[in-house]
Amino acid sequence: MPSEFDLIARYFTRPTRSTGVVQLGVGDDCALIAPPANESLAVSTDMLVEGRHFLPDADPESLGHKALAVNLSDLAAMGARPLGFSLALALPSADETWLASFARGLFALADTEQIELIGGDTTRGPLTICITVFGSVPIDQALRRDGARANDDIWVSGSLGDARLGLDILMRQRKLSASDSAIALQRLHRPSPRLSLGLALRGVASAAIDISDGLIGDLGHILQRSSVGATVGADVLPIGSALRSQDQQTQYEFALTGGDDYELCFCAPPSQRDSVLTAAQSAGVLVTCIGQISEASGLRVLDGAGKPLNLRLRSFDHFSNP
Ligand SMILES: [Mg+2]
Numbered sequence: 006m007p008s009e010f011d012l013i014a015r016y017f018t019r020p021t022r023s024t025g026v027v028q029l030g031v032g033d034d035c036a037l038i039a040p041p042a043n044e045s046l047a048v049s050t051d052m053l054v055e056g057r058h059f060l061p062d063a064d065p066e067s068l069g070h071k072a073l074a075v076n077l078s079d080l081a082a083m084g085a086r087p088l089g090f091s092l093a094l095a096l097p098s099a100d101e102t103w104l105a106s107f108a109r110g111l112f113a114l115a116d117t118e119q120i121e122l123i124g125g126d127t128t129r130g131p132l133t134i135c136i137t138v139f140g141s142v143p144i145d146q147a148l149r150r151d152g153a154r155a156n157d158d159i160w161v162s163g164s165l166g167d168a169r170l171g172l173d174i175l176m177r178q179r180k181l182s183a184s185d186s187a188i189a190l191q192r193l194h195r196p197s198p199r200l201s202l203g204l205a206l207r208g209v210a211s212a213a214i215d216i217s218d219g220l221i222g223d224l225g226h227i228l229q230r231s232s233v234g235a236t237v238g239a240d241v242l243p244i245g246s247a248l249r250s251q252d253q254q255t256q257y258e259f260a261l262t263g264g265d266d267y268e269l270c271f272c273a274p275p276s277q278r279d280s281v282l283t284a285a286q287s288a289g290v291l292v293t294c295i296g297q298i299s300e301a302s303g304l305r306v307l308d309g310a311g312k313p314l315n316l317r318l319r320s321f322d323h324f325s326n327p
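Numbered per the working numbering, the sequence shown spans residues 6 to 327.
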């Protein structure tokens, strides 16, 4: 007699399409992955916990999308191509309506990005979603955090801050027009991993990271790992379209420190400007040059007049730091 959790597991068991790379998917003790010759396996894990990363009444279909999207965003930031992912799920009860909806959101994105579910586990416990993604990237072509050099341009994809604005709407701390609310909540709940851009930036970008905790904090990781500093112009930041309805201080704060954007922040030598723009065009994503890497350490954010910006700069720490 199968347990209810065996039944749940069936929601996440579907035939693995043979990609040549995934040799064996769900159904054995381990999945088998054979990365293409001369490629490194890129591996990343992200965990989403109810109450910390999402609210208890979160829409399960969006949650399925986001849980995979945030992991794919890490592959994008490395310039890696997705191969497969595993899913570990703790659930307080076997709610089949919730599961069907979660699986729909998860597999819709998996199909779009052509990544296979290759294994996982389900158990009873507080709602927790843990996904591990596997990707591949040609040896020595991964976009790492430690490759930024003085005088490199700093770029970001898409726009910033709308997801942070969406969080305020969700927490009922801000009222916006219906259309701006819809945009902000879409950005918060349905991030788009920039996989095509990551692939197109191989051999072009010197360093990259995805913006999960806020531009300042995540760019800070590149600066630290590369032992360099940077100057960023607040007035050239690509402000999200819904965020543009707010005052300038809020625009700057959310664009610089708001989390959950899942855009790419990357560096490239000025000689690569045309290649960056070509890569962005081929990926169908807007990119904006927001500053330069410097030899002097530290991060300076300047306003339109070239004066240092005075901001409460704190990285986004989900719901624990209101
Ligand atoms: Mg990341």
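For glycine and all other residues, C-beta sits at the position ideal for the given N, C-alpha and C.
Owing to the predicted nature of the structure, the values given are computational and were not obtained by experimental measurement.
Buried or exposed, going by whether 16 or more other CB atoms sit within 10 Å of the CB of Phe-321? For Phe-321, the predicted model reports a pLDDT of 41, less than 50, meaning its position is unreliable; a value from the coordinates is still stated below. Buried, since its Cβ has 16 or more Cβ neighbours within 10 Å.
Nearest by alpha-carbon distance to Gln-119: which of Pro-275, Ser-184, Leu-111 is it? Leu-111
Please confirm whether any heavy atom of ligand 1 lies closer than 7 Å to the CB of Ile-214. yes
Is DSSP giving Ser-162 helix, strand or coil here? strand
DSSP state of Ile-298, grouped into three classes? strand
Closest Cα partner of Gly-234 within the set Asp-64, Gln-297, Ser-78, Leu-202: Gln-297
Can you give me the C-alpha to C-alpha distance between Ala-47 and Gly-140, rounded to a whole angstrom? 5 Å
Ligand 1 heavy atoms versus the CB of Asp-5: any closer than 7 Å? No answer is possible for residue 5: the residues shown for the chain start at 6 and end at 327.
When the Cα of Arg-3 is compared with those of Ser-299, Ser-231, Thr-293, Pro-65, which residue comes out closest? With the chain running from 6 to 327 in the structure shown, residue 3 is simply not present.
Is Met-83 helix, strand or coil by DSSP? helix
Beta-carbon within less than 6 Å of Tyr-16's beta-carbon, same chain only, minus the 5 sequence neighbours each way: which residues are those? Excluding positions up to five away in sequence, the list reads Leu-104, Ala-108.
Pick from Leu-73, Ala-99, His-226, Ser-184: whose alpha carbon is nearest that of Ala-153? His-226
Give me, in chain order, the residues of the same chain whose beta-carbon lies closer than 8 Å to that of Arg-249; leave out the 5 immediate sequence neighbours on both sides. Gln-256
Beta strand (DSSP E) runs contained entirely in the segment 116 to 153, provided each spans 3 or more residues: 121 to 129, 133 to 143
For Gly-264, which of Asp-223, Gly-30, Lys-180 has the nearest alpha-carbon? Asp-223
Here's the rule I'm using: 16 or more other beta-carbon atoms within 10 Å means buried, otherwise exposed. How should Glu-300 be labelled? exposed
Return the CA-CA distance between Ala-239 and Pro-198, expressed in angstroms with no decimal places. 24 Å
Bridge partners for Gly-238 per DSSP, in chain order? Note: Gly-238 sits in a beta bridge opposite Leu-307.
Could you check where the beta strand (DSSP E) with Glu-44 kicks off and where it finishes? 44 to 54
Apart from the five residues just before and just after Ser-162, which ones in its own chain have a Cβ nearer than 6 Å to its Cβ? Arg-199, Leu-202, Glu-268, Leu-269, Val-290, Val-292
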